[in-house]
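*Asks:*
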Amino acid sequence: MACGPVTELIEIKQLFQGDAMTLKLCGFAASNYYNKIKLQLLEKGVPFEEELVWVGNNHPKLVSRSPMGKVPFIETPDGYISESLVCADYIEAAYPEHPLVPADPFQAAKVRELIVYLELHIELVVRALYPQAFFGGQVSDGTKEKVRQQLARNVPAFAALAKFSPYIAGEQFTLADCAAAFHLPIAVSACKQVLGEDLLAELPVKAYSQQMAQNPHMAQVLADRKANNELMVSLLSKKKPA
Ligand SMILES: N[C@@H](CCC(=O)N[C@@H](CS)C(=O)NCC(=O)O)C(=O)O
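Under our numbering, think of the first position of the sequence shown as 26, with each following residue one higher.
1. Might you give, ordered along the chain, the residues of its own chain that have their beta carbon closer than 6 Å to the beta carbon of Arg-90, omitting 5 neighbours on each side?
2. Identify the continuous alpha helix (DSSP H) that holds Val-78 and give its terminal residues.
3. Residues bridged to Lys-49 by DSSP?
4. In whole angstroms, what separates the C-alpha of Leu-48 from that of Asn-82?
5. Using only the heavy atoms of ligand 1, determine whether one of them is closer than 7 Å to the beta carbon of Leu-220.
6. Report the option in Ser-259, His-123, Phe-73, Glu-222 whose CA atom is closest to the CA atom of Ala-158.
7. With a cut-off of 8 Å, does the C-beta of Tyr-120 fall near any C-beta of chain C?
8. With H, G and I counted as helix, E and B as strand and the rest as coil, what does DSSP make of Gly-161?
9. Assuming Arg-152 is part of the alpha helix (DSSP H), what are its boundary residues?
10. Counting Cβ pairs closer than 8 Å, one from the stretch 128-138 and one from the stretch 150-168, do we hit at least three?
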């Protein structure tokens with residue numbers, strides 16, 4: 026299952042307590058945006074807590090902390106921050122040990138450029154297919170055609186930037202991998218399911234995903250995602266009228 030609004034699931038609970046709470050990651054583990062931040066925190070060795078927060082509702086505990094009602098958002102000693110790229114930048118600045126963005130300004134910009142391409146030009150485009158790919162709905166032929174047209178331009182553009190040697194930005198694991206590891210496979214999956222073809226086929230997504238799955242932190246995030254997907258399915262099925 027992909028991330029997306031889960032209508033009427035309103036459940037906010039603390040998942041576990043860390044020893045010394047400095048940072049709390051809020052959202053749900055089926056969300057790829059949430060998992061980007063979780064992988065970053067694990068890779069950097071930053072202590073954090075998780076708080077399970079569903080979306081698709083106007084619960085004050087959601088919108089008072091993330092005004093768009095989106096996850097992830099993080100709780101810091103100074104307050105809340107929403108938007109995953111902003112959260113990621115805060116984490117890099119507040120926890121400079123084990124940096125995932127290069128110190129060199131140009132190389133740092135190239136890592137962020139990859140993340141913006143992934144979010145804006147791949148994920149946001151493919152999301153139009155998610156209602157059909159993951160949530161039992163249908164998307165129109167017009168939507169499908171629009172996604173095809175946009176990806177025909179956007180995927181080669183991303184391919185021109187991405188290195189896959191072996192990481193997205195080159196030899197080092199960077200913040201761009203925290204994004205690519207989640208955005209790319211789901212984009213492939215949505216295209217295959219709804220359009221019947223992989224519009225990202227020019228990218229080595231399968232080999233890259235297999236390599237990333239060897240990372241123990243990634244393996245942990247994927248296991249937590251599986252458990253959260255199962256929880257979401259069971260909560261949704263309980264809410265369906267008999
Ligand atoms: N631009 C946001 C996107 C986050 C996002 O769309 N999250 C999904 C869950 S994967 C969500 O909260 N959806 C609920 C909604 O859009 O109302 C970010 O980078 O944090």
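All C-beta atoms, glycine included, are put in the ideal place defined by N, C-alpha and C.
Here the structure is a predicted model, which is why all the values come from computation and not from measurement.
*Replies:* Inspection of the coordinates gives the following:
1. Within the sequence shown, the letter at position 65 stands for residue 90. These residues qualify, in order along the chain: Phe-98, Tyr-105.
2. By one-based count along the sequence shown, residue 78 stands at place 53. Where Val-78 is concerned, there is no enclosing alpha helix (DSSP H), although the beta strand (DSSP E) it sits in stretches over 74-78.
3. Taking the sequence shown and counting its residues from 1, one reaches residue 49 at position 24. BP columns for Lys-49 point to Glu-74, Glu-100.
4. As a working note, residue 48 is residue 23 in the sequence shown. As a working note, residue 82 is residue 57 in the sequence shown. Computed Cα separation, rounded: 24 Å.
5. As a working note, residue 220 is residue 195 in the sequence shown. False, no ligand heavy atom lies under 7 Å from that Cβ.
6. In the sequence shown, the residue the question calls residue 158 occupies position 133. When only C-alpha atoms are compared, the closest one is Glu-222.
7. Structure shown: chain C not included; a single protein chain is present.
8. As a first step, residue 161 must be located in the sequence shown, where it is residue number 136. Looking at Gly-161 - three-state DSSP - the assignment turns out to be coil, as it is neither helix nor strand.
9. Numbered from 1 along the sequence shown, position 127 holds the residue referred to as residue 152. Per DSSP, Arg-152 belongs to no alpha helix (DSSP H) and is neither H nor E.
10. no
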